[in-house]
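There are 2 protein chains.
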Amino acid sequence: MEFEVWIKKKAEKVEEYLSASIPEEDNPQRVIYEAMNYSLMSGGKRLRPVLMMGAYEIFGGNDDDVLPFACAMEMIHTYSLIHDDLPAMDNDDYRRGRLSNHKKFGEATGILAGDGLLNKAFETGLEAALKGRLDLRRCVKALSAIASSSGADGMIGGQIVDMYGHEKVNSLEDLKYMYSLKTGAIIKSSVAAGAILGGADEEQQKCLELFAEKIGIAFQIEDDILDVTSTREKLGKAIGSDIANDKVTYLTFKSIEQSMKDVEQFTDEALKSLEIFGDKAKHLRELALYLTRRDH
Amino acid sequence: MEFEVWIKKKAEKVEEYLSASIPEEDNPQRVIYEAMNYSLMSGGKRLRPVLMMGAYEIFGGNDDDVLPFACAMEMIHTYSLIHDDLPAMDNDDYRRGRLSNHKKFGEATGILAGDGLLNKAFETGLEAALKGRLDLRRCVKALSAIASSSGADGMIGGQIVDMYGHEKVNSLEDLKYMYSLKTGAIIKSSVAAGAILGGADEEQQKCLELFAEKIGIAFQIEDDILDVTSTREKLGKAIGSDIANDKVTYLTFKSIEQSMKDVEQFTDEALKSLEIFGDKAKHLRELALYLTRRDH
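Top to bottom, those sequences are chains A and B.
Its first residue numbered 1, the first sequence is counted upward by one per residue in this note's numbering.
Its first residue numbered 1001, the second sequence is counted upward by one per residue in this note's numbering.
Structure follows, in structure tokens:
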């Protein structure tokens, strides 16, 4: 119960910050702000920001100081969804039960809204670095970790590998590589940035990054399982879409039962990595369980 | 003659830095590096980086320190060209005499190559801020100015206004607003970033930003003129394309003769703004003339 209050409060803070971050000024380019907000405020779970805040909390800092960086991460996540949905990519007309950005605003505006959100993430982070209360060097290190994770050596690279899936993903190792880039990299940097901003020492930083790697892969496998075992109502999108799209997933290589066991094992390993923090990592621990034991 | 050597040397430094900035590692996402390099290394004039270096030079700093920031700007400029060329935007099959990025690599990879370059600009700038020799706060201020200029309140906003041109651009004032965002913003921030990194005081910063604003508009009007008066050979692309595309340009509102006079006037005003720097702004002054008196 206490955790539910905790996560709700964090997500509300994120919601509030995001909702104020792109004012819809009455100028000739107004539609770009509307398009950016349309996707940014469409009710995601804000998991990446909450992960950053959970890692940061270990070091005792104030939520408000980390919030701009956490929200920058959500902007990056949102832009990636907008571009993923484009006709040239996954060609999805719907996202979270609403029209996808390009269906609502047209393709050109959709592309630019994605560009605008990626750019806005760095605008937000850099401004917070200059005007916020955190040590400047820590802020730049955190932003640098975020930037590396969302680029061609991270999320964008993973998207490329996913797109060419049938040529590039022929084994479980290939798949894990793709996942580590496509979804793993920004999950890892969310936690890493929280740790850097909080002032983690080298050992603490290493433990938190290992935690994030394990959680990232567990989360992704869980996603693959849910695509098969969930219901449309619970998932908020069509189930069985991976099979329908002939996608290579974890279940291509392992049974559902084994996949579930693997989720548990990666989660256990993640939790083990938090042991050095004792009770201070309480919420991050519960968050890991929450992320990987979603409703089957 | 001396200026020609100067600009050639600066552009060569940029070329060299850019060519080493995205190694084409032999991993499954390799095509993204290739696609990013394809456009990045396609022989632009590197005007924005050279502008930044010209402004920075006034304050006596070493070229190598500003170079990563100058090249970050070129990455942003290049990404904007890739996305501009997409079918949903201007739908251009050619750019600088070669296939446009999406024609060469496919639309999905083209979108991601643009995303990758925007992201890489911040990776590059943040890493240089951490590892370079310049004052950290100056670096963050410069990156913040760059980020603001390329976002929804800058270049991306201008792109939106341009796209909806016939609704949004009904007067010379509307057009100047659009230009100030679409091309003016990152020209201004190129100069502004050079000044910030060089350590300009408030007065110097103001003068250089005013210079950049004037040069930006003069440059854009010159572009509109060249589209009518140049030859295909000199311009490296089809002439008369603005008229063919029924585009609103400076010449929609003013005669060629008046437009040429306006270019001169804005250039004069720009040069006036450099007076406080005396001989130190020698190259920046010549650069302004070079930019606005291109071959008719």
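By construction, the Cβ of each residue, glycine as well, lies at the ideal position given by its N, Cα and C atoms.
query, result
"Where in the segment 124-187 of chain A do unbroken runs of the alpha helix (DSSP H), each at least 4 residues long, occur, reported from the N-terminal end onward?", "136-150, 155-163, 165-168 and 172-179"
"Give the straight-line distance between the Cα atoms of residue 286(A) and residue 121(A), rounded to the nearest whole angstrom.", "27 Å"
"Taking the Cβ atom as the reference point for each residue, do residue 132(A) and residue 68(A) lie within a distance shorter than 8 Å?", "yes"
"Where do the ends of the alpha helix (DSSP H) carrying residue 1054(B) lie?", "1047-1057"
"By the three-class DSSP mapping on this structure, what secondary structure does residue 1296(B) have?", "Low confidence applies to residue 1296(B): its pLDDT is 44, below 50, so where it sits in the model is not reliable, and the reading given next is rough at best. Residue 1296(B) falls in the coil class under three-state DSSP."
"Buried or exposed for residue 168(A), please, with buried defined as at least 16 other CB atoms from any protein chain shown within 10 angstroms of its CB.", "buried"
"Out of 102(A), 248(A) and 213(A), point me to the one whose CA is closest to residue 265(A)'s CA.", "213(A)"
"Residues in the segment 1240-1251 of chain B with C-beta within 9 Å of chain A's C-beta atoms, listed in sequence order?", "none"
"Just how far apart, CA to CA, sit residue 1160(B) and residue 1254(B)?", "24 Å"
"Let me confirm a value: residue 1166(B) is counted as buried when at least 16 other C-beta atoms fall within 10 Å, else exposed. Which label applies?", "exposed"
"Looking at C-beta atoms only, is the number of pairs between the segment 33-41 of chain A and the segment 71-90 of chain A that lie closer than 8 Å three or more?", "yes"
"Tell me, which residues are paired with residue 1099(B) by DSSP?", "1094(B)"
"What is the DSSP secondary structure of residue 4(A), counted as helix, strand or coil?", "helix"
"Between the Cα of residue 1158(B) and the Cα atoms of 22(A), 112(A) and 148(A), which residue gives the shortest distance?", "112(A)"
"Verify the CB distance criterion: does residue 89(A) have a CB-CB separation below 8 Å to chain D?", "You won't find chain D in this structure, because its protein chains are A and B."
"Comparing C-alpha positions only, which one of 25(A), 8(A), 198(A) and 193(A) sits nearest to residue 62(A)?", "198(A)"
"Mind checking which residues open and close the alpha helix (DSSP H) that includes residue 1229(B)?", "1202-1229"
"Any beta-carbon of chain A closer than 8 Å to the one on residue 1085(B)?", "no"
"Taking 8 Å as the threshold (C-beta atoms), are residue 1225(B) and residue 1256(B) in contact?", "yes"
"Between the segment 1133-1165 of chain B and chain A, which residues of the former have CB atoms less than 7 Å from a CB of the latter, in chain order?", "1136, 1137, 1140, 1141, 1143, 1144, 1147, 1148, 1150, 1151, 1152, 1156, 1157, 1159, 1160, 1161 and 1163"
"According to DSSP, is residue 996(B) helix, strand or coil?", "Chain B is shown from 1001 up to 1296; residue 996(B) falls before or after that span and cannot be answered."
"If we ignore side chains and look at the alpha-carbon of each, how far apart do residue 291(A) and residue 30(A) end up?", "36 Å"
"Using DSSP with H/G/I as helix, E/B as strand and the rest coil, what is residue 37(A)?", "helix"
"Against chain A, with Cβ distances strictly below 8 Å, would residue 1074(B) count as a contact?", "no"
"First and last residue of the alpha helix (DSSP H) that includes residue 29(A)?", "No alpha helix (DSSP H) contains residue 29(A), which DSSP labels as neither H nor E."
"Sorted by chain position, which residues of the same chain lie with C-beta nearer than 6 Å to residue 1189(B)'s C-beta, five sequence neighbours on each side aside?", "1145, 1146 and 1149"
"Going by CA-CA distance only, name the one from 1059(B), 1017(B), 1171(B) and 1024(B) that's closest to residue 1201(B).", "1059(B)"
"Excluding the 5 residues preceding and the 5 following residue 127(A) in the sequence, name in chain order all residues of the same chain whose CB lies nearer than 7 Å to its CB.", "none"
"Compare the C-beta of residue 1205(B) against all C-beta atoms of chain A and say whether one is closer than 8 Å.", "no"
"Output yes or no for whether 8 Å exceeds the beta carbon distance between residue 1118(B) and residue 1065(B).", "no"
"Could you tell me the alpha carbon to alpha carbon distance between residue 1193(B) and residue 1048(B), rounded to whole angstroms?", "11 Å"
"Nearest-angstrom Cα distance between residue 1205(B) and residue 1196(B)?", "7 Å"
"Is it the case that the Cβ atoms of residue 1053(B) and residue 1010(B) are separated by a distance below 8 Å?", "yes"
"Comparing alpha-carbon positions, which option in 228(A), 177(A), 191(A) and 245(A) lies nearest residue 1028(B)?", "177(A)"
"Going by C-alpha distance, which of 1245(B), 1258(B), 1022(B) and 1018(B) is nearest residue 1092(B)?", "1245(B)"
"Just reading off the alpha helix (DSSP H) that residue 272(A) is part of, what are its end residues?", "256-272"
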